[in-house]
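Asker: Sequential numbering of the sequence shown, starting at 6, is according to the numbering used here.
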Amino acid sequence: MKNTLLTTTALAMTAGAAFADGHAVDVKVGGFYNTTVAISSVDTTNFVSAPGDFDGLDVLSNAEIIFKPSITLDNGIKFGAEIQLEAGSNTNGDQIDESFISISGDFGQVLIGSENSAGYKMTVSAPDVSPIFAQSSSLTAFVPYSGSLDTNNDGTADTELGNNFFRGTLGATFIENAGNNDANRITYFSPRFGGLQLGVSYARDAGETNGPVNNDTTLTDIVDIAANYSGSFGGVDINASARYGTASAATGTDPEIWGAGLKLGFSGFSIGGSFAEQDGSATNAVGVLNASDGSSYDVGIGYANGPMSYSLTYFSGTNVDDDLAAAGADETLDTIVLAAKYKVNSNFAVSAFIANTEFEEEAGGQQQVDGTVLGVAAQFSF
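So this is what it looks like as structure tokens:
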């Protein structure tokens, strides 16, 4: 009964989507479901509000259902859309991740809607086959980077640190200017010419929702430009990227970001790395840059042989500490991940990894977190 209903619904959707000129909408449904089971050992210093035991076995799941309707005209131009539905049990109120329309043809591709910038999407980074990734906030599921500190030694927690992992240089080289994420923007990707592709993005503001904004109170005119190269010379595969982004701040300094990446592949091996920097993101009451400013890099080596692949990846990130910026303090994160992955088929893979991560608030070492995570994972795509 269920299969009959689904089949009937699909046929009805296809028939109902047909245009008068004979073109029909092709609706594809895909997605992924990833589950990681890991055991962690964590040591913390100066966690006043939560000085407890963080060791133990836990589960991290991440899932999305992705809808992709499209139509291709007789002249070859393709109109499409992508809607990413969060499928996890706890999505923190964000039921739709990214949603945008696309127009593709010999001229390249245009994306319009809630999506990351061209610079983000074109970034090349170090090899990493782990399910947890060295450049990811996923490790926060097992290691409590954020915590409250007693900065004035009065026995009361008064500071919250380690909050800029996502889209910021403390946790990634895949960053967005001033931490904007999936903003409603317009992005253009050129066709590849001799392996080179160019991209440019524009967002009026950092919001993911509709509605006017006040230019006097928010970040506006967010522009990103990027270049990506893919080619081979003498048996060496080369992938490289470079990016620059800027925006207009309501007050203070206009923020800028920079980034570059390179990956080389030969005889099953791959080596590479990337770098990113955020400058001028914002100022606090005493005129000191907040925690969005900083730099990060990663380096790594990988090897693939048939269905098996391996990687060793190191990431290092630094941000100006948002709470102790007046003292010139930084926050730093160093993570190293060793991983092995077995691809059963095109839709299913299993993997194992061990990661060590260290977070430190550098103002006298007031907060320190050392964590080791050992885990296995199953990764489905459909």
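By construction, the Cβ of each residue, glycine as well, lies at the ideal position given by its N, Cα and C atoms.
Give the secondary structure of D68 by DSSP, where H, G and I count as helix, E and B as strand, and everything else as coil.
Answerer: If you number the sequence shown from 1, residue 68 lands on position 63. Note on identity: in this sequence residue 68 is Ala, with Asp being the wrong assignment. DSSP places A68 in strand when its eight states are reduced to three.
Asker: Distance, Cα to Cα, F364 vs Y319?
Answerer: Numbered from 1 along the sequence shown, position 359 holds the residue referred to as residue 364. Numbered from 1 along the sequence shown, position 314 holds the residue referred to as residue 319. Each residue's alpha carbon lies about 14 angstroms from the other.
Asker: Between S142, N219, A177 and A254, which has its C-alpha nearest G266's C-alpha?
Answerer: Position 261 of the sequence shown, counted from the start, is the residue given in the question as residue 266. Closest by alpha carbon: A177.
Asker: Residue range of the alpha helix (DSSP H) that Y125 falls in?
Answerer: Numbered from its first residue, the sequence shown carries residue 125 at position 120. Here the alpha helix (DSSP H) through Y125 covers A123 to K126.
Asker: Taking the alpha carbon of S321 as the point to measure from, which residue in S130, D242, A357 and K346 has its own alpha carbon closest?
Answerer: Locating residue 321 in the sequence shown gives position 316, counting from the first residue. The option with the nearest alpha carbon to S321 is S130.
Asker: G61: which of T77, Q89, V134 and P149 sits nearest, CA to CA?
Answerer: Walking along the sequence shown from the start, residue 61 turns up at place 56. Per the Cα distances, P149.
Asker: Is there contact between the region 82-90 and the region 197-204, where contact requires at least three CB pairs shorter than 8 angstroms?
Answerer: Cβ pair count under 8 angstroms is below three, so no.
Asker: Rounding to the nearest angstrom, what Cα-Cα distance links T251 and S300 in this structure?
Answerer: Taking the sequence shown and counting its residues from 1, one reaches residue 251 at position 246. Taking the sequence shown and counting its residues from 1, one reaches residue 300 at position 295. Each residue's Cα considered, the two are about 16 angstroms apart.
Asker: Rounding to the nearest angstrom, what Cα-Cα distance links A139 and Q384 in this structure?
Answerer: Translated into the one-based positions of the sequence shown, residue 139 becomes position 134. Translated into the one-based positions of the sequence shown, residue 384 becomes position 379. Each residue's Cα considered, the two are about 17 angstroms apart.
Asker: Under 9 angstroms between the Cβ atoms of A360 and I341?
Answerer: Taking the sequence shown and counting its residues from 1, the one referred to as residue 360 is at position 355. Taking the sequence shown and counting its residues from 1, the one referred to as residue 341 is at position 336. Yes.
Asker: Excluding sequence positions up to five away, which residues of its chain have a Cβ less than 6 angstroms from the Cβ of T40?
Answerer: Residue 40 sits at position 35 when you count from the first residue of the sequence shown. Correct list, in chain order: S66 and A383.
Asker: Is A183 helix, strand or coil by DSSP?
Answerer: Working through the sequence shown from its first residue, we reach residue 183 at position 178. Residue state, collapsed to three classes: helix.
Asker: Should T377 and L175 be called a contact, given that it needs their Cβ atoms to be closer than 9 angstroms?
Answerer: On the sequence shown, residue 377 is found 372 positions in, with the first residue counted as 1. On the sequence shown, residue 175 is found 170 positions in, with the first residue counted as 1. No.
Asker: Which class does T223 belong to by DSSP, given the choice of helix, strand or coil?
Answerer: For this step, residue 223 is matched to residue 218 along the sequence shown. Residue state, collapsed to three classes: coil.
Asker: Going by other Cβ atoms of all chains shown within 10 Å of its Cβ, with 16 needed for buried, is F271 buried or exposed?
Answerer: One-based indexing of the sequence shown puts residue 271 at position 266. By the neighbour-count rule (16 or more Cβ atoms within 10 Å), F271 is not buried but exposed.
Asker: Does the Cβ-Cβ distance between D210 and A188 come in under 9 angstroms?
Answerer: One-based indexing of the sequence shown puts residue 210 at position 205. One-based indexing of the sequence shown puts residue 188 at position 183. Yes, they are a contact pair.
Asker: If you measure between the beta carbons of A281 and T145, is that distance less than 9 angstroms?
Answerer: For the purposes of this step, residue 281 is identified with residue 276 of the sequence shown, where counting begins at 1. For the purposes of this step, residue 145 is identified with residue 140 of the sequence shown, where counting begins at 1. Contact: no.
Asker: Let me know if V241 comes out buried or exposed under the rule of 16 or more other beta-carbons within 10 Å of its beta-carbon.
Answerer: Translated into positions along the sequence shown, residue 241 becomes position 236. With fewer than 16 other Cβ atoms within 10 Å, it is exposed.
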